[in-house]
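Letter 104 of the first sequence, counting from 1, is numbered 121 in the working numbering, and no numbers are missing.
A quick write-up on the structure given underneath.
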Amino acid sequence: MAPKNDGSAKRVMNKGAWTAEEDSKLSQYIEIHGAKRWKTIAAKSGLNRCGKSCRLRWLNYLRPNIKRGNISDEEEDLILRLHKLLGNRWSLIAGRLPGRTDNEIKNYWNSHLSKKINQKQKTQEVSTVQETTPQLKSQGMAPMKEEGAKIVGSSEPTFDVNEFFDFSAEGSSGLEWVNKFLELDEDQWFTDKR
DNA sequence: AACGAAGTCAACCGCTAATTT
DNA sequence: GAAATTAGCGGTTGACTTCGT
């Protein structure tokens with residue numbers, strides 16, 4: 018679908034890093050008018066930015082109660098466990114970590130955790146293949162290299178969570194089912210960590 | 001001190017889903 | 001119900017910083 022030509026299409030928007038002045042303008046506008054209708058916010062706040070850019074800036078940096086940096090061990094554990102459960106559903110994972118944004122968690126995963134997991138996975142794969150291959154061969158099956166890799170550190174969960182859980186019935190911050198699942202998973206988790 | 005490689009993270013892009021007209 | 005608009009998501013990029021040589 019083609020966007021309406023409102024006369025602003027040819028206007029060159031600012032890109033790149035936000036300045037303190039831009040942050041201030043955006044914060045002030047949202048404080049008065051609320052964080053709705055980003056296109057309008059972008060147009061009326063005096064920022065030469067697109068609505069998308071304003072929304073991202075607000076959600077990731079300017080909104081209240083944002084935590085920055087220093088992800089604790091507890092938070093890291095939770096991210097690992099939620100990723101194991103949900104895959105790359107960063108916004109859902111972020112919903113369980115107050116003050117954290119999906120972008121931050123995604124970055125943290127890509128720069129820190131994926132490496133940790135790859136290392137762990139490599140060591141596990143060696144032992145798993147050694148243990149399972151003779152048995153699988155005897156059953157006429159190939160070693161499950163791909164499937165095995167999905168257990169930890171893949172971008173997809175090992176099952177379709179939508180088939181198991183009705184996301185439409187859950188608020189983003191009230192995912193009771195996650196806690197239940199994690200409680201169920203707790204024994205296994207601490208067994209893994211020992 | 002200088003340089004390149006690797007790591008980090010803010011921001012953009014493309015797409016889909018949800019909502020409004 | 002269809003079209004248009006808006007919101008939101010995840011993947012990717014690129015500028016900047018840190019580290020190693």
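Glycine residues also receive a C-beta, built at the ideal position from the N, C-alpha and C atoms.
The alpha helix (DSSP H) enclosing residue i, as first and last residue numbers
i, result
"T57", "55 to 61"
"Y125", "119 to 125"
"S89", "That residue, S89, is in no alpha helix (DSSP H); it is neither H nor E in DSSP."
"A52", "From DSSP, A52 is part of no alpha helix (DSSP H); its letter is neither H nor E."
Best match in the options for proximity to residue i [C-alpha to C-alpha]
i, options, result
"N105", "G116, Y125, G86, I88", "Y125"
"D90", "L114, L79, K32", "L114"
"E39", "V29, G51, L64", "L64"
"D94", "G68, I122, Q136", "I122"
"E48", "Q136, S128, S62", "S62"
"V29", "A60, T36, Q45", "A60"
Pair within 8 Å by beta-carbon distance, residue i and residue j
i, j, result
"I96", "I110", "yes"
"L43", "L76", "no"
"N31", "R85", "no"
"D119", "S108", "yes"
"I83", "G51", "no"
Does the count of Cβ pairs from the region 47 to 56 and the region 72 to 80 closer than 8 Å reach three? yes
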